[in-house]
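Per the numbering used here, residue 3 is the first one in the sequence shown, and the count goes up by one each step. All C-beta atoms in this analysis are idealised placements derived from N, C-alpha and C, irrespective of residue type, glycine included. Presented below is the structure to which this report refers.
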Amino acid sequence: MLFKKASEYLSRKKDFSDSTELHVPRDAIAATSRVEESQVLLSDPLSMRIVMDKPETGDVNSKDKPEGPADTASVLRKVQSRIDDFEALDRNAEACLDLVTFREPVDMSTVVETLRNYGVAIFPSVLGEDRLERISRQYEDMIENGAQFAYKVDAREDSTANSFGVWIEREGLPSERFDEVHALFASETISQITREIFAGQAFDFNSALYAQWTDHTSVPASGTLHWDKQLTLKSWLYVTDGGEGCGAMRAGVGSNKWLRYAREDAMFDGVPLRKIDNSVREEDVPVISTGGPAGTFFLFLTDTAHGAQPVAPGKRRNIIRAQSRPHRVHEWAKWASGL
Ligand SMILES: [Fe+2]
Numbered sequence: 003m004l005f006k007k008a009s010e011y012l013s014r015k016k017d018f019s020d021s022t023e024l025h026v027p028r029d030a031i032a033a034t035s036r037v038e039e040s041q042v043l044l045s046d047p048l049s050m051r052i053v054m055d056k057p058e059t060g061d062v063n064s065k066d067k068p069e070g071p072a073d074t075a076s077v078l079r080k081v082q083s084r085i086d087d088f089e090a091l092d093r094n095a096e097a098c099l100d101l102v103t104f105r106e107p108v109d110m111s112t113v114v115e116t117l118r119n120y121g122v123a124i125f126p127s128v129l130g131e132d133r134l135e136r137i138s139r140q141y142e143d144m145i146e147n148g149a150q151f152a153y154k155v156d157a158r159e160d161s162t163a164n165s166f167g168v169w170i171e172r173e174g175l176p177s178e179r180f181d182e183v184h185a186l187f188a189s190e191t192i193s194q195i196t197r198e199i200f201a202g203q204a205f206d207f208n209s210a211l212y213a214q215w216t217d218h219t220s221v222p223a224s225g226t227l228h229w230d231k232q233l234t235l236k237s238w239l240y241v242t243d244g245g246e247g248c249g250a251m252r253a254g255v256g257s258n259k260w261l262r263y264a265r266e267d268a269m270f271d272g273v274p275l276r277k278i279d280n281s282v283r284e285e286d287v288p289v290i291s292t293g294g295p296a297g298t299f300f301l302f303l304t305d306t307a308h309g310a311q312p313v314a315p316g317k318r319r320n321i322i323r324a325q326s327r328p329h330r331v332h333e334w335a336k337w338a339s340g341l
C-alpha cells in the first residue's frame with residue numbers, strides 16, 4: 003500500500019477531505035507558538051530536549067565575543083586556529099559521535115556551538131511512542147498522497163538509487179492533517195537555533211519539506227562524500243530505524259570549519275555553479291553515522307562533509323527532512339547557475 007510506483011502516485015487525484023481524521027491527544031495541544039501560529043497545533047516536540055537559554059544568557063552571540071580582527075595577521079591567525087582545531091580533533095569515530103550526540107536535555111547555546119564547531123547535532127529517539135506513531139502515519143500519507151500537492155516528485159525507483167521522494171512547501175501542507183509534521187519542522191526551538199546560526203541574515207525557515215524512502219541500494223543518491231554548494235541548515239527525522247544497514251547519512255564531524263571557506267571562496271570568486279568541485283576525500287574527515295532508532299532527529303549544516311550510506315537488503319530508509327537557507331545564498335545560486 004505504502005510503496006507504489008511513482009506513476010501511480012502521480013496519476014492519483016485524491017481529495018484531502020476523504021482522509022481519516024487522526025486522533026489528537028488533548029494534552030498535546032499547545033496554547034501558543036511564536037512560529038506561524040496558524041500552522042502549529044501541537045506542542046514543540048523538541049522543547050523537552052533542547053532547553054531555551056534563560057533571558058539573561060539568551061543571546062549566545064553576546065558571550066565573550068572577541069572583537070573583530072583588525073589586521074591581516076590576526077585574521078589569518080583566527081582562520082588558522084579554526085583549521086588547527088579541526089586538525090586536533092580526535093579522529094576516533096566513537097569520540098566524534100559523543101561530541102555531537104545529546105541523549106539528555108541540553109542548553110540551546112550548546113547546540114548552537116556544536117553546530118558551529120562540528121556541523122551536526124544528533125538527538126536520538128526525540129519522539130515518544132505516541133508522537134512517533136502519529137508522525138509515521140503522516141509520513142505514509144505524504145508518500146502515498148503527497149504527489150498531488152508536491153512541487154517536485156523525485157521518482158528513482160527504477161534507478162540504482164532505488165528511492166522515491168516528494169518535495170512539498172511546508173506552508174502548503176494542510177495543518178490539521180499533518181499536525182505532527184508541522185509541530186516538528188516549524189518548531190520554535192529549531193527556529194531560534196536557525197536565527198543564531200544564520201546570525202542577522204534573512205532566510206527561509208524550513209520552507210521545503212522532503213519525505214523520502216530508499217529501498218535496498220548499494221549506490222544511494224548523494225552517497226559520495228560532499229558539501230552542498232548552497233549553505234543550508236537541515237532538520238532531519240528518521241521515521242523508522244536509522245541504524246545499521248538503514249542508509250543513515252554520514253557526517254564528517256568538524257569539516258565545516260574548513261569546507262565553509264571552499265564554499266565562500268566559490269561565491270566570492272563567482273565560480274559557475276556547475277564548475278564548483280564540492281567533493282571531499284574519505285580520508286580527509288572523521289566520519290560518523292547520524293543514524294539511530296526510529297524517531298531520531300538531527301540538525302546539520304551542509305558545509306559539513308556528508309553522504310548517504312547504502313541500504314541493506316530487506317531494510318528501508320524512511321525520512322522526513324526540511325531545510326533553511328539564507329536568501330543571499332539562494333540569490334547567488336540562481337545567478338551562478340546561469341553562468
Ligand atoms: Fe548534500
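6 angstroms Cβ shell around residue i - same chain, five flanking residues per side excluded
i: Val287; result: Gly254, Ser257, Ala307
i: Thr103; result: Ile124
i: Cys98; result: Val255, Pro288, Ile290
i: Thr242; result: Ala296, Asn320
i: Gly340; result: none
Residue environment, residue i, which counts as buried when at least 16 other CB atoms sit within 10 Å
i: Val2; result: An answer regarding residue 2 cannot be provided, because it is not within the stretch 3 to 341 covered by the chain.
i: Phe270; result: exposed
i: His329; result: exposed
i: Tyr153; result: exposed
i: Gln140; result: buried
i: Trp229; result: buried
i: Pro274; result: exposed
i: Ala268; result: buried
i: Gly93; result: Inspection of the sequence shows that residue 93 is occupied by Arg rather than by Gly. Exposed.
i: Arg79; result: exposed
i: Asp100; result: exposed
i: Asp46; result: buried
i: Gln203; result: exposed
Residue i - DSSP class collapsed to helix/strand/coil
i: Gln311; result: coil
i: Leu235; result: strand
i: Val331; result: helix
i: Lys154; result: strand
i: Thr59; result: Residue placement at Thr59 is flagged as unreliable, the pLDDT there being 49, under the threshold of 50; the coordinate-derived value follows with that caveat. Thr59 falls in the helix class under three-state DSSP.
Beta-carbon proximity of residue i to residue j, cut-off 8 angstroms
i: Arg172; j: Leu211; result: yes
i: Val128; j: Gly316; result: no
i: Ala213; j: Gly167; result: yes
i: Asp143; j: Leu233; result: no
i: Thr162; j: Thr219; result: yes
i: Leu48; j: Ser209; result: no
i: Ile199; j: Val81; result: no
Cutoff 8 angstroms; reference residue i; Cβ partners in own chain excluding five residues on either side
i: Val108; result: Arg51, Ile52, Val53
i: Glu335; result: Reading off the sequence shown, one finds Ala at residue 335, where the question assumed Glu. Hits under 8 angstroms: Lys231, Gln232, Leu275.
Residues of its chain near residue i, where Cβ-Cβ distance is below 7 angstroms and the 5 sequence neighbours each way are ignored
i: Asp87; result: Lys259
i: Ala310; result: Pro222, Ala223, Ser224, Gly225, Gly249, Met251
i: Phe300; result: Val122, Ala123, Ile124, Phe125, Trp238, Thr292
i: Gly174; result: Phe151
Ligand 2 heavy atom lying under 7 angstroms from the CB of residue i
i: Asp271; result: Of the ligands this structure carries, namely ligand 1, none is ligand 2.
Item to check | Residue list, Cβ distance to ligand 1 heavy atoms smaller than 7 angstroms | outcome: Ser224, His228, Asp230, Thr304, His308
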